[in-house]
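*Asks:*
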Amino acid sequence: MISDIAGVHLRTLDNISECGFSLGVGFDGANIAYLKSTYSKEWQERYVAQRYLNLDPTIRFGIAGTGFITWDELRARYPESERFFDDAARHGLMQGNTLSIHVDGQVSIVSCSGPKWTDTERRLAKAALYTLYSLHHEQTRHYSISRQAQDVLRLMCSGFKDQEIAERLGVKLETVRQRRRGAMQAVEATSTAQLVSLVIKFGLI
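For the sequence shown, our numbering assigns the number 1 to the initial residue and increments by one for each residue that follows.
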């Protein structure tokens with residue numbers, strides 16, 4: 001039942017997005033209850049590789065306060081983010097909208113690509129964000145991964161490729177990949193980029 005309700009609101013966000021959306025629900029400063037991105041795999045990997053998490057103006061805006069803002073307005077508010085927006089545009093993310101809510105000390109943010117929302121679309125996004133927060137904030141998971149997987153992920157985050165990681169750890173290449181797959185299952189990640197983002201957010205490495 002809960003997954004059905006969540007699915008309805010995730011489809012709503014998809015419908016009011018042009019080239020995907022990014023959603024973070026229930027961030028309390030250390031952990032996050034739910035994280036999802038439907039942006040292209042290339043952009044998600046680029047985002048992680050460039051460590052945009054610390055620069056991303058949509059997150060900075062969301063943490064600082066509540067409300068709605070377009071990406072054009074964010075670009076003007078955070079001029080130091082010009083490189084971030086230019087890079088996003090090269091990956092098809094030309095324009096978009098960001099909405100942030102704060103409930104019980106927890107931050108939830110959704111960013112959708114596309115033209116400025118209409119009033120109706122803004123209301124739909126707000127309803128989706130509040131509902132998804134309600135569904136997930138009591139279900140915050142406390143993930144854990146093995147020490148061996150942590151070793152693999154630390155080296156991944158440092159830019160080492162699988163073969164280099166295997167050589168450094170003194171294990172087979174397939175062992176490295178098995179440990180990464182195990183970590184992905186543990187945190188319910190669907191891509192390597194999401195895996196790295198989650199383990200950093202959850203402080204697992």
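Just so it is clear, CB atoms sit at the ideal spot from N, CA and C, and this is done for glycine as well.
Once DSSP output is grouped into helix, strand and coil, what is the label at K172?
*Replies:* Three-state DSSP puts K172 in coil, outside helix and strand.
*Asks:* Give me the Cα-Cα distance between L135 and R180, rounded to the nearest whole angstrom.
*Replies:* Taking the straight line from one Cα to the other gives about 29 Å.
*Asks:* State the CB to CB distance for the pair Y78 and P57, rounded to an integer number of angstroms; the pair is presumed to be in contact (CB under 8 Å).
*Replies:* Confirmed, Cβ separation roughly 4 Å.
*Asks:* Report back the beta-carbon spacing between E174 and S113 to the nearest angstrom; my notes put them in contact at under 8 Å.
*Replies:* No, E174 and S113 are not in contact; Cβ-Cβ is about 37 Å, not under 8 Å.
*Asks:* If you scan the region 82-139 from start to end, which runs of the beta strand (DSSP E) of 3 or more residues do you find wholly inside it?
*Replies:* Here the runs fully enclosed are 96-103, 106-113.
*Asks:* With DSSP as the reference, label V199 as helix, strand or coil.
*Replies:* Three-state DSSP puts V199 in a helix.
*Asks:* If you measure from the beta carbon of V152 to each beta carbon in chain B, is any gap under 9 Å?
*Replies:* Absent from the structure is chain B; it holds one protein chain and no more.
*Asks:* Using 9 Å as the threshold, is the C-beta distance between G62 and V8 below it?
*Replies:* No, the pair does not count as a contact, with Cβ atoms beyond the cut-off.
*Asks:* Figure out for me which residue from V152, I16, D4 has the closest Cα to the Cα of V171.
*Replies:* Checking every option, the nearest Cα to that of V171 belongs to V152.
*Asks:* Would L13 and V25 be called neighbours here (beta carbons separated by less than 9 Å)?
*Replies:* Not closer than 9 Å, so no.
*Asks:* Does DSSP put I5 in a helix, in a strand, or in coil?
*Replies:* Here I5 sits in helix by DSSP.
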